[in-house]
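Chains as they are written, first to last, in my numbering: chain A, 23 to 229; chain B, 23 to 229. Glycine residues also receive a C-beta, built at the ideal position from the N, C-alpha and C atoms. As the structure is a prediction and not an experimental result, all values here were calculated from the model.
There are 2 protein chains.
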Amino acid sequence: MPRSPSPEVRSLLIDRAAALLAQREPVTLRSLVASTGVSTMAVYTYFEGMPGLWGAVRQEGFRRLTDRVRSIAPHRDPVRHLASLGVAYVEHALAHPNLFRVMFDASFDLPDPVAANETFSHLVAAARRSIDAGRFSLDNDPADIAVRYWADGHGIVSLAVTGVISVADLRRHAPAMAAAVFIDAGDAPEQAHKSVRLAWAIPKRRT
Amino acid sequence: MPRSPSPEVRSLLIDRAAALLAQREPVTLRSLVASTGVSTMAVYTYFEGMPGLWGAVRQEGFRRLTDRVRSIAPHRDPVRHLASLGVAYVEHALAHPNLFRVMFDASFDLPDPVAANETFSHLVAAARRSIDAGRFSLDNDPADIAVRYWADGHGIVSLAVTGVISVADLRRHAPAMAAAVFIDAGDAPEQAHKSVRLAWAIPKRRT
DNA sequence: AAACGAAGCATAGCATTGCTATGCTTCGAT
DNA sequence: ATCGAAGCATAGCAATGCTATGCTTCGTTT
């Protein structure tokens with residue numbers, strides 16, 4: 023049998039790619055392996071080439087987002103919890119803007135729909151709890167609310183990450199937009215605004 | 023004095039880049055000039071390199087969007103007009119998905135904030151008319167409504183273009199999301215839904 | 001009208017990119 | 001102890017964006 027592959031090398035390369043990305047340095051085959059001790063062939067052994075590496079980096083981005091989302095303790099106010107998920111999404115994108123771009127870079131033909139699924143399922147679950155708690159109307163499909171809420175946050179974040187609007191505008195508009203989605207889902211305006219305000223007031227991680 | 027530069031070559035290259043993009047073929051320096059009769063140096067004469075070309079392609083994308091937006095005759099119902107602008111945005115992105123991606127590709131350090139301004143000003147104007155007509159609350163800032171409406175549409179379109187959601191889901195959610203923004207701005211729910219429904223019912227251009 | 005010269009731009013060659021070919025090394029199975 | 005499949009280092013390939021160089025063009029000048 024062969025020499026066993028070391029998962030360490032794999033995550034080493036992914037981490038280095040993420041680091042280069044964060045430093046705004048070009049992520050090339052040779053810059054990746056530089057100062058890692060491994061040769062360029064490792065990228066082909068573990069990722070079958072650069073596109074495969076990008077796919078892995080993308081998954082890593084979703085994994086970090088998922089970690090962040092999982093770290094949010096469910097709140098007794100399900101709408102506040104849902105709002106907190108949106109905060110996590112925004113903070114993740116602002117903390118890792120280049121990683122965020124790679125995550126949604128459509129130049130991959132591998133749509134990799136699984137990567138985002140866990141995050142999405144958290145949204146759906148929170149939406150369902152909000153319905154069950156009587157905050158959202160019973161005729162809502164939790165998945166529909168989740169899609170709209172996601173699209174909502176994704177849009178304002180994307181515009182900020184691409185520089186079309188400022189981060190200050192993002193922070194100004196995002197809470198109001200979230201509240202609008204919740205109100206549209208049937209929540210009472212005052213309750214929606216309160217839940218959103220509390221969710222956004224929590225101090226954010228810098229990671 | 024020199025040989026005068028020909029704007030024809032400039033737009034020829036931009037159009038060819040857009041065409042390659044639409045055909046999902048790689049846009050490289052040499053593939054650009056192939057079968058155009060000009061040499062690779064033309065790209066440096068007119069665009070100072072590939073990044074400059076990408077910037078020009080991006081502007082071209084916004085120019086086409088602006089053309090589409092300008093072609094929308096103002097409606098006596100200002101909210102319906104505003105909704106139609108959103109429809110144009112969605113149809114533009116679906117008709118030219120790769121161009122849409124380049125338009126919002128943040129790998130350019132040139133934010134080129136002017137490019138999107140005309141489209142944005144149309145949104146602001148329609149929002150202002152909606153306020154003046156009494157459809158939206160007087161305490162709204164038209165620019166705020168415009169930003170939120172844009173972010174709203176941009177988000178759902180981006181998720182569709184990157185393959186996270188289907189185009190069918192896009193068409194299902196986009197009208198409801200638009201209506202939610204309008205209702206949040208103060209419009210009566212029934213009127214908002216009616217204006218949106220009529221705007222989306224108009225047959226779309228294929229361009 | 002003839003000469004000048006600045007700018008367009010065609011050709012050729014450069015460093016860097018992702019990738020492949022090749023062979024050495026490692027290490028579990030027999 | 002031997003074999004062989006897999007890891008992986010080295011070297012070299014075509015393609016990329018870019019630069020250097022010089023020819024061509026054509027408005028300006030006298």
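Within its own chain, the residues whose Cβ lies closer than 6 Å to the Cβ of Val189 (chain B), once the five positions on either side in sequence are excluded, are Ala182, listed in chain order. Counting C-beta atoms within 10 angstroms of its own C-beta, Thr58 (chain B) has fewer than 16 neighbours from the protein chains shown and is therefore classed as exposed. In this model, Val79 (chain A) and Val124 (chain A) are separated by some 8 Å (Cα to Cα). A Cβ-Cβ distance of about 21 Å is found for the pair Ser28 (chain A) and Leu42 (chain A), leaving them out of contact under the 8 Å criterion. Annotated three-state conformation of Thr88 (chain B) is helix, per DSSP. Remark: fewer than three beta-carbon pairs, one from each stretch, lie closer than 8 Å, so the region 112-121 of chain A and the region 62-70 of chain A are not flagged as touching. Put simply, the CB of Val109 (chain B) is far from chain A, with every gap to its CB atoms at 7 Å or more.
At a cut-off of 7 Å between C-beta atoms, Gly208 (chain A) does not count as an interface residue with respect to chain B. For the pair of segments examined, the region 204-216 of chain B was found to touch the region 98-117 of chain B: the number of CB pairs separated by less than 8 Å reaches three. If the five residues before and after Ala137 (chain A) are omitted, its C-beta is found closer than 6 Å to the C-beta atoms of Gln81, Phe84, all from its own chain and listed in chain order. Ranked by how close their Cα comes to the Cα of Phe122 (chain A), the residues A:Asp191, A:Val60, A:Arg92, A:Ala44 have A:Ala44 in first place.
Taking 7 Å as the threshold, the shortest C-beta distance from Ser180 (chain B) to chain A falls below it. Restricted to the region 162-221 of chain A, the alpha helix (DSSP H) segments that are unbroken, complete and at least 4 residues in length are 164-183, 189-206, listed in chain order. Note on Gly108 (chain B): 16 or more other CB atoms within 10 angstroms of its CB, so buried under the neighbour-count rule. For Arg123 (chain B), the chain A residues whose Cβ falls inside 7 Å of its Cβ are Ala128, in order along the chain. In the DSSP annotation of this structure, the continuous segment of the alpha helix (DSSP H) that includes Ile153 (chain B) starts and ends at 139-154.
Cβ proximity to chain A below 9 Å picks out nothing from the region 63-79 of chain B. In this structure, DSSP gives Pro119 (chain B) a helical state, which the three-state scheme calls helix.
By the Cβ-count criterion, Leu145 (chain A) is buried, with 16 or more other Cβ atoms from all chains shown falling within 10 Å of its own Cβ.
Along the region 152-177 of chain A, going in chain order, the ones with a CB nearer than 9 Å to a CB of chain B are Asp166, Val169, Arg170, Trp172, Ala173, Asp174, Gly175, His176, Gly177.
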